[in-house]
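Structure first, then comments.
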Amino acid sequence: MGNSIGKAFTVTSFGESHGYCVGVIVDGCPAGLAISEQDIQAEVDRRKPGKGAASTSRTEPDRVEIMSGIYDGHTTGAPICLVIRNTDTDSGQYLKNRFLPRPGHADFTAYNKYGGFNDFRGGGRFSGRITAGFVMAGAIARKLLRSVIGTDIVAHTVAIGGIKSGITDIEKVRANIEKNDLRCGDSEAAEEMLRLIEKVRAEGDSLGGVIECVALNVPAGLGEPVFDTLEGDLAKALFAIPAVKGIEFGSGFS
Numbered sequence: 024m025g026n027s028i029g030k031a032f033t034v035t036s037f038g039e040s041h042g043y044c045v046g047v048i049v050d051g052c053p054a055g056l057a058i059s060e061q062d063i064q065a066e067v068d069r070r071k072p073g074k075g076a077a078s079t080s081r082t083e084p085d086r087v088e089i090m091s092g093i094y095d096g097h098t099t100g101a102p103i104c105l106v107i108r109n110t111d112t113d114s115g116q117y118l119k120n121r122f123l124p125r126p127g128h129a130d131f132t133a134y135n136k137y138g139g140f141n142d143f144r145g146g147g148r149f150s151g152r153i154t155a156g157f158v159m160a161g162a163i164a165r166k167l168l169r170s171v172i173g174t175d176i177v178a179h180t181v182a183i184g185g186i187k188s189g190i191t192d193i194e195k196v197r198a199n200i201e202k203n204d205l206r207c208g209d210s211e212a213a214e215e216m217l218r219l220i221e222k223v224r225a226e227g228d229s230l231g232g233v234i235e236c237v238a239l240n241v242p243a244g245l246g247e248p249v250f251d252t253l254e255g256d257l258a259k260a261l262f263a264i265p266a267v268k269g270i271e272f273g274s275g276f277s
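Under the working numbering, the letters of the sequence shown match residues 24 to 277, in that order.
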């Protein structure tokens with residue numbers, strides 16, 4: 024339960040951190056959408072772990088494998104199954120500390136919920152590793168939105184630990200976000216952020232941050248009244264990302 028989201032475009036996440044693979048099934052994508060393994064791989068490469076001080080130390084090749092639903096560079100209309108195999112899975116420390124729940128993780132609650140039968144290695148089902156599946160599904164959704172209604176999406180880091188980006192123009196952001204691993208549109212701020220991350224990491228601590236996601240050319244009328252609003256649906260999906268602790272729409276917190 025709780026592993027699927029969406030009605031017309033349904034995304035089902037599966038896999039565990041140290042299991043054989045992590046992956047996703049996308050059901051509802053129409054036939055004929057031009058998309059290749061390389062299109063999906065390009066998005067996965069952007070989240071690939073092991074890329075500097077701001078990333079997890081886990082190193083994975085993260086090669087996308089298409090199991091079904093895409094043939095000859097186009098969707099077939101069948102459910103699309105995508106997987107990434109796990110390779111960097113040294114479970115020694117997790118086995119050693121199996122009954123020592125980590126602060127800020129789901130170890131304690133997962134043990135109580137599943138009676139100890141859950142795969143606890145690397146956080147298991149509750150690991151940030153499962154977001155690789157989100158990215159694969161997102162690559163398909165992004166291509167579909169662009170193709171059908173011309174909607175484009177840009178996301179970037181605007182703050183980490185109190186250091187804020189000074190660039191707000193979305194086209195300038197778009198031009199700069201691939202120039203640093205933090206995906207910050209302000210290169211100078213990104214350097215300050217990285218120095219702070221390295222300092223705090225050396226002290227055994229961590230930092231919070233803010234990411235802005237902008238959707239361009241969104242048609243009017245999306246969502247339903249009261250309990251199925253667009254904001255409500257987006258919030259539910261975004262809170263599936265383990266690190267997300269708050270969401271602002273527009274200038275809601277100002």
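We treat Cβ as the ideally placed atom computed from N, Cα and C, and that holds for glycine.
By how many angstroms is the C-alpha of residue j removed from the C-alpha of residue i?
i, j, result
"Phe149", "Tyr134", "12 Å"
"Gly185", "Gly151", "24 Å"
"Gln283", "Ile93", "For residue 283 there is no data in the structure shown, the boundaries of the chain being 24 and 277."
"Arg125", "Val49", "33 Å"
"Lys202", "Ser78", "16 Å"
"Pro265", "Thr154", "9 Å"
"Val67", "Arg108", "13 Å"
"His41", "Cys52", "29 Å"
"Thr35", "Asn120", "31 Å"
"Pro248", "Ala31", "18 Å"
"Arg224", "Phe122", "25 Å"
"Lys268", "Phe262", "7 Å"
"Leu167", "Gly25", "24 Å"
"Lys195", "Asp256", "29 Å"
"Arg197", "Asp209", "11 Å"
"Ser114", "Phe143", "9 Å"
Give me the DSSP bridge partner(s) of residue i.
i, result
"Tyr94", "His97"
"Ala263", "Looking at the DSSP assignment, Ala263 forms no beta bridge with any residue, so it has no partner."
"His179", "Glu235"
"Ile107", "Val45, Val87"
"Ser277", "None, per the DSSP bridge assignment."
"Ala164", "Paired residues: none, contrary to the question."
"Ser27", "Thr35"
"Ile270", "Bridge partners of Ile270: none, in fact."
"Lys187", "Ala182"
Using C-beta distances below 6 Å, list every residue in its chain close to residue i, excluding the 5 sequence neighbours before and after it, in chain order.
i, result
"Gly46", "Phe37, Gly38, Leu105, Val106, Gly156"
"Arg70", "Val158"
Among residues of its own chain, excluding the 5 on either side of residue i, which ones have a beta-carbon nearer than 7 Å to its beta-carbon?
i, result
"Val241", "Thr174"
"Gly161", "Glu66"
Please list the terminal residues of the continuous beta strand (DSSP E) segment that includes residue i.
i, result
"Phe37", "33 to 38"
"Glu235", "232 to 239"
Can you tell me where the alpha helix (DSSP H) with residue i in it begins and where it stops?
i, result
"Gly115", "115 to 119"
"Ala77", "Element bounds for Ala77: n/a, residue is neither H nor E."
"Val249", "From DSSP, Val249 is part of no alpha helix (DSSP H); its letter is neither H nor E."
"Ala54", "Per DSSP, Ala54 belongs to no alpha helix (DSSP H) and is neither H nor E."
"Ile63", "60 to 70"
Please list, in chain order, all residues of the same chain as residue i whose beta carbon is under 8 Å from its beta carbon, the five residues on each side excluded.
i, result
"Leu6", "Here the chain has residues from 24 to 277 only, and residue 6 is not among them."
"Ala258", "Ile270"
"Arg86", "Gln64, Ile107, Arg108"
"Gly96", "Ala57, Ile58, Ser59"
"Arg169", "Asp175"
"Ser229", "Val223"
"Asn141", "Ala133, Tyr134, Gly147, Arg148"
"Leu239", "Thr174, Asp175, Ile176, Val177, Ile193"
"Thr252", "Gly246"
Whole runs of the beta strand (DSSP E) within the segment 199 to 225, excluding any shorter than 3 residues: Segments of the beta strand (DSSP E) lying fully in the segment 199 to 225: there are none.
Inside the segment 129 to 154 only - alpha helix (DSSP H) runs reaching at least 4 residues: Listed in chain order, they are 130 to 137.
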